[in-house]
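Our numbering puts the first residue of the sequence shown at 5, with every later residue one more than the last. Cβ atoms here follow ideal geometry from the backbone N, Cα and C, with glycine treated the same way. These figures come from a predicted structure and were not determined experimentally.
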Amino acid sequence: MSISELAVRFFEQQQGLSLAIGALFGTLFGSFLNVVIVRLPQLLEDTEDNTESTAGTSVAAQFSKWLLISPPSHCPGCSHRLAWYENVPLLSYLALAGKCSACRTAISLRYPMVEALTGALALLALWRFGFTAGAAIGFGLACLLLVIAFIDAELMTIPDMLTLPAIWVGLAASAIGGPVTADRAILGAVCGYGILALINAVYLILTHRQGIGRGDWKLAAVIGAWLGLQGLIGSLIVAFLTGSLVGLAMMLFFSRDRRSAVPFGPFLACGGIIAIFFGQGLANWYLGLIIGP
Ligand SMILES: [Zn+2]
5 MSISELAVRF FEQQQGLSLA IGALFGTLFG SFLNVVIVRL PQLLEDTEDN TESTAGTSVA
65 AQFSKWLLIS PPSHCPGCSH RLAWYENVPL LSYLALAGKC SACRTAISLR YPMVEALTGA
125 LALLALWRFG FTAGAAIGFG LACLLLVIAF IDAELMTIPD MLTLPAIWVG LAASAIGGPV
185 TADRAILGAV CGYGILALIN AVYLILTHRQ GIGRGDWKLA AVIGAWLGLQ GLIGSLIVAF
245 LTGSLVGLAM MLFFSRDRRS AVPFGPFLAC GGIIAIFFGQ GLANWYLGLI IGP
């Protein structure tokens with residue numbers, strides 16, 4: 005019996021234990037995603053700003069910088085370097101009561117949030133797809149969307165480095181037996197980019213302001229390339245519904261004026277994650293609304 009067969013058998017016989025291991029792996033992977041969320045935008049900015057500054061550094065140093073593993077984890081307030089026990093997902097945040105042990109600077113709530121969410125995504129992937137390649141693909145795509153959501157929420161930008169490769173890989177995967185067939189993936193990617201570009205054009209003509217940024221068009225193309233037209237439509241519905249609800253709530257409770265920009269990426273990413281795990285149900289529910297039960 006091969007190792008993969010053993011793993012599948014273990015998963016079938018020890019479901020509870022397997023899900024617990026999956027959730028644990030997910031929270032650990034979440035700490036890595038935190039690093040990506042903080043360092044990738046900085047890294048991209050550095051490379052754009054001063055190309056000469058890397059001239060003196062060794063290849064190994066540059067490589068470890070690109071792998072996002074250097075410098076080691078530290079407090080952004082006082083540069084206190086984190087001991088291993090201060091770097092345990094979720095537990096360290098609770099044990100430190102959300103403050104740096106050296107300078108008492110508040111640690112961003114984003115760290116435990118991303119760790120908990122990634123753990124939940126791993127659990128969701130195993131629960132929905134079992135111990136299969138589909139679970140790995142679903143989890144990977146959901147993690148990408150999670151990273152994009154947090155970067156866009158903080159910086160109001162979505163790095164091309166995250167969206168463009170995901171579009172091409174998604175299209176290529178569809179050609180060799182990915183989650184959707186090639187015709188659906190191509191249609192999904194083109195429509196994702198096209199629909200949002202069109203909405204933005206209409207918005208621009210009517211209000212003379214940009215509504216939905218280019219980063220969002222590419223993000224929609226990623227979702228279309230991986231989930232097809234059906235998954236894309238489901239994601240867009242969730243995104244527009246949640247986006248307008250939150251926008252409305254902000255105007256009502258925080259008296260933010262209508263013009264202050266709210267990034268669309270987090271809502272679109274949220275729609276994409278829901279479409280990955282509940283796509284079929286979402287499509288049925290929506291069709292039920294139109295056609296009737
Ligand atoms: Zn500190």
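Does residue 193 come out as helix, strand or coil in the three-state DSSP assignment?
Correct three-state label for residue 193: helix.
Given a cut-off of 8 Å, decide if residue 175 and residue 153 are closer than it, judged by their beta-carbon atoms.
No, the pair does not count as a contact, with Cβ atoms beyond the cut-off.
Is residue 106 a contact residue of ligand 1, with contact defined as CB to any heavy atom under 7 Å?
It does: the Cβ of residue 106 is within 7 Å (strictly closer) of some heavy atom of ligand 1.
Residue 12: which of 252, 101 and 134 sits nearest, CA to CA?
It is 134 whose Cα lies nearest to the Cα of residue 12.
Should residue 256 go down as buried or exposed, given a rule of 16 or more other Cβ atoms within 10 Å for buried?
By the 10 Å Cβ count, residue 256 comes out exposed.
Can you tell which of 91, 64 and 179 has the C-alpha that lies nearest to the C-alpha of residue 76?
Taking only the C-alpha atoms, the option nearest residue 76 is 91.
Report yes if the C-beta of residue 211 is less than 7 Å from at least one heavy atom of ligand 1; otherwise report no.
Checking every heavy atom of ligand 1 against the Cβ of residue 211, none is found closer than 7 Å.
Here's the rule I'm using: 16 or more other beta-carbon atoms within 10 Å means buried, otherwise exposed. How should residue 20 be labelled?
Result: exposed.
Using DSSP bridges, identify the partner residues of residue 212.
Beta-bridge pairing links residue 212 to no other residue.
By Cβ distance below 7 Å, which residues in the same chain neighbour residue 27 in space, the five residues on each side in sequence not counted?
123, 126 and 127.
Contact check, residue 230 vs residue 145 under 8 Å by CB: the rounded distance?
Yes, they are in contact, since the Cβ atoms of residue 230 and residue 145 sit about 6 Å apart, within 8 Å.
Three-state secondary structure (DSSP) at residue 114?
Here residue 114 sits in helix by DSSP.
Please give me, in chain order, every unbroken run of the alpha helix (DSSP H) with length at least 4 that falls completely inside the stretch 221-247.
None, since the stretch 221-247 contains no complete alpha helix (DSSP H) of that length.
For ligand 1, is there any heavy atom lying closer than 7 Å to the beta carbon of residue 109?
Residue 109: yes, Cβ under 7 Å from ligand 1.
Counting beta carbon pairs with one atom in the stretch 163-178 and one in the stretch 203-215, are three or more of them shorter than 8 Å?
Contact fails: fewer than three Cβ-Cβ distances are below 8 Å.
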